[in-house]
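>
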Amino acid sequence: MKIAIIGSGSWGVALATHLAKRKHEVKVWSFSEEERDLINLEKKCKFLPDLTLPENITCSTDFEEVIKDTECILHVTPSKFTRETFKQYKKYVGTKPVIICSKGFEKDSMKTLDEVILDELPNARVAALSGPSHAEEVSIAIPTVLVAASKHDDILKMIQDNFMCDEMRIYISEDIKGVELGGALKNIVAFCAGVAAGIGLGDNTFAALITRGLNELSRLGVALGGQRETFYGLSGLGDLIVTCLSEHSRNRKAGKLIGQGKTLEEAKKEVGMVIESIDNIEVAYTLGKKNEIDMPIVETVYKVIYENLNPQEAVKKLMTRDKKSE
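Under our numbering, read the sequence shown as residues 10 to 335, first letter to last.
Okay, structure coming up:
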């Protein structure tokens, strides 16, 4: 296949590398001429410095050049830039599938990314690809299992036929809403896990955080239209585990820095890449209130970020809540 990838960050380049090794012709769009030249001339990615890219990956800053004559589009920009970026290339989409590989919400509208794409192009043929998948591992062919979700069976078949190999297995689902929500909401719990690591808490705490965090995100996710079982699959529980426990996770790293006493701006600067959880926490907090969903973990981390609640005090507040049944 000829495949367009919109976004030259670590995940976009990791997917490009995987697909190029599968003998597909991959064109990557970048907003940065520096990143374009690094990919084309040196076969390198600034975010994955040890990786050498296959020859059948090229990069351009021109949307038409990247998308022209391709058979599908992978959208891999940070969620906050999804609408702005899609507006610039939607005239080239036609009937090509748009596979959303980003995770998050649009902050102002509180919409999932499939909703953002369909806002801009109502007849777009949309899918989402999600699950436990660090770019650092996918790029070097460590076995990874993902889920693709769409209302279009032919897109799901195309993804399985062209993406799967010994190093990548892909399950399919019709629940695009649940898959999108799982990928967006898990970042919040990963940030909390980082805070817990930053203040020196242990395995007992991480296990409780993942379990009760999953309970919260599934309650909200179902209220927003996802299917409950989706949140206990790859895009929910699977992604939650890998993001909460791995040092690769930028959301966990940001939370850890906050737990160690850094300011939000200091944490953002040190991480050096977009931290999806920061905007997602505000969206999830607002959606929880709007839908009258009890979300104590989300509410508490919101107060840590936006109301300067001390992380140690935040843990105490969670541990001393009223008695409940599980």
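Ideal placement from N, C-alpha and C gives every residue a C-beta, glycine not left out.
1) Thinking just about the alpha-carbon of each residue, which of 57, 159 and 155 is nearest to the one in residue 123?
2) Thinking C-beta only, is residue 70 closer than 8 angstroms to residue 40?
3) Look up residue 56 in the DSSP assignment and say whether it is helix, strand or coil.
4) Compare the beta carbon distance of residue 66 and residue 38 with 8 angstroms and say whether it is the shorter of the two.
5) Quick check: residue 127 and residue 157, are their CB atoms within less than 8 angstroms of each other?
6) May I ask you to report which of helix, strand or coil DSSP gives residue 37?
7) Given this structure, state the Cα-to-Cα distance separating residue 161 from residue 167, to the nearest angstrom.
8) Alpha carbon to alpha carbon, what distance is there between residue 281 and residue 2?
9) Taking contact to mean at least 3 C-beta pairs separated by less than 8 angstroms, is the region 106-114 in contact with the region 215-224?
10) Taking a contact to mean a Cβ-Cβ separation below 8 angstroms, would you say residue 265 touches residue 207 in this structure?
11) For residue 62, which of helix, strand or coil comes out of DSSP?
12) If we call anything under 8 angstroms between Cβ atoms a contact, is residue 186 one with residue 247?
13) Who are the near neighbours of residue 129 in its chain, counting only those whose CB is closer than 8 angstroms to its CB and skipping five residues on each side?
14) What residue does the beta strand (DSSP E) around residue 81 start on, and which one ends it?
15) What's the gap between the Cα of residue 237 and the Cα of residue 44?
16) Tell me residue 198's beta-bridge partners as DSSP assigns them.
17) Please work out which residues of its chain come closer than 7 angstroms, Cβ to Cβ, to residue 223, disregarding the five sequence neighbours upstream and downstream, and give them in chain order.
18) When you compare each of 263, 333, 252 and 170 to residue 10 by their alpha carbons, which one comes out closest?
19) Look at the alpha carbon of residue 232 and the alpha carbon of residue 293, and state the distance between them as a whole number of angstroms.
20) Specify the secondary structure class of residue 176 as computed by DSSP and reduced to three states.
21) To the nearest whole angstrom, what separates the beta carbons of residue 179 and residue 172, a pair I think is in contact under 8 angstroms?
22) What is the DSSP secondary structure of residue 216, counted as helix, strand or coil?
23) Would residue 136 and residue 203 qualify as a contact pair, given that the criterion is a beta-carbon distance under 8 angstroms?
24) Please report the straight-line C-alpha distance between residue 310 and residue 210, rounded to a whole angstrom.
25) Would you kindly work out how many angstroms separate the C-alpha atoms of residue 200 and residue 84, rounded to a whole number?
26) Using a threshold of 8 angstroms, state whether the C-beta atoms of residue 88 and residue 113 are closer than that.
27) Could you give the first and the last residue of the continuous beta strand (DSSP E) run that contains residue 136?
28) Return yes when at least one heavy atom of the ligand NAP lies under 7 angstroms from the C-beta of residue 110, else no.
29) Please go through the same chain and pick out, in chain order, the residues whose beta-carbon is closer than 6 angstroms to the beta-carbon of residue 312, but skip the five residues on each side of it.
30) What does the alpha-carbon distance come out to for the pair residue 64 and residue 146?
31) Among all the DSSP beta bridges, which residues are the ones paired with residue 154?
32) My parser needs the alpha helix (DSSP H) runs of 4 or more residues fully inside the region 256-318; what are they?
33) Taking DSSP as the reference, what is the three-state secondary structure of residue 227?
34) In angstroms with no decimal places, state the Cα-to-Cα distance between residue 327 and residue 17.
35) Would you kindly report the start and end of the unbroken beta strand (DSSP E) that includes residue 11?
The structure says:
1) Checked all of 57, 159 and 155; the closest Cα to residue 123 is 159.
2) yes
3) The three-state reading of DSSP puts residue 56 in coil, since its state is none of H, G, I, E or B.
4) No; because the gap between Cβ atoms is not below 8 angstroms, this pair is not in contact.
5) no
6) strand
7) 10 angstroms
8) Residue 2 lies beyond the stretch modelled for the chain, which goes from 10 to 335, so this question has no answer here.
9) Flag = no, the region 106-114 and the region 215-224 do not touch.
10) yes
11) Three-state DSSP puts residue 62 in coil, outside helix and strand.
12) Remark: C-beta atoms of residue 186 and residue 247 do not approach each other more closely than 8 angstroms.
13) 92, 95, 96 and 99
14) DSSP places residue 81 inside the beta strand (DSSP E), whose first and last residues are 81-84.
15) 40 angstroms
16) Beta-bridge pairing links residue 198 to no other residue.
17) Once the five neighbours on either side are set aside, the close Cβ partners of residue 223 are 240, 245, 246 and 249.
18) When 263, 333, 252 and 170 are compared, the shortest CA-CA separation from residue 10 is found for 170.
19) 12 angstroms
20) Assignment of residue 176 by DSSP, reduced to helix, strand and coil, places it in the coil class.
21) 6 angstroms
22) helix
23) No, Cβ-Cβ distance for residue 136 and residue 203 is not below 8 angstroms.
24) 16 angstroms
25) 24 angstroms
26) yes
27) Residue 136 -> beta strand (DSSP E) spans 134-139.
28) Inclusion of the ligand NAP in the displayed structure is not the case, the ligand content being empty and no account of it being possible.
29) 318
30) 20 angstroms
31) Under DSSP, residue 154 shares a beta bridge with 178.
32) 259-268, 273-280, 285-299 and 305-315
33) DSSP places residue 227 in helix when its eight states are reduced to three.
34) C-alpha of residue 327 to C-alpha of residue 17: approximately 39 angstroms in a straight line.
35) 11-15
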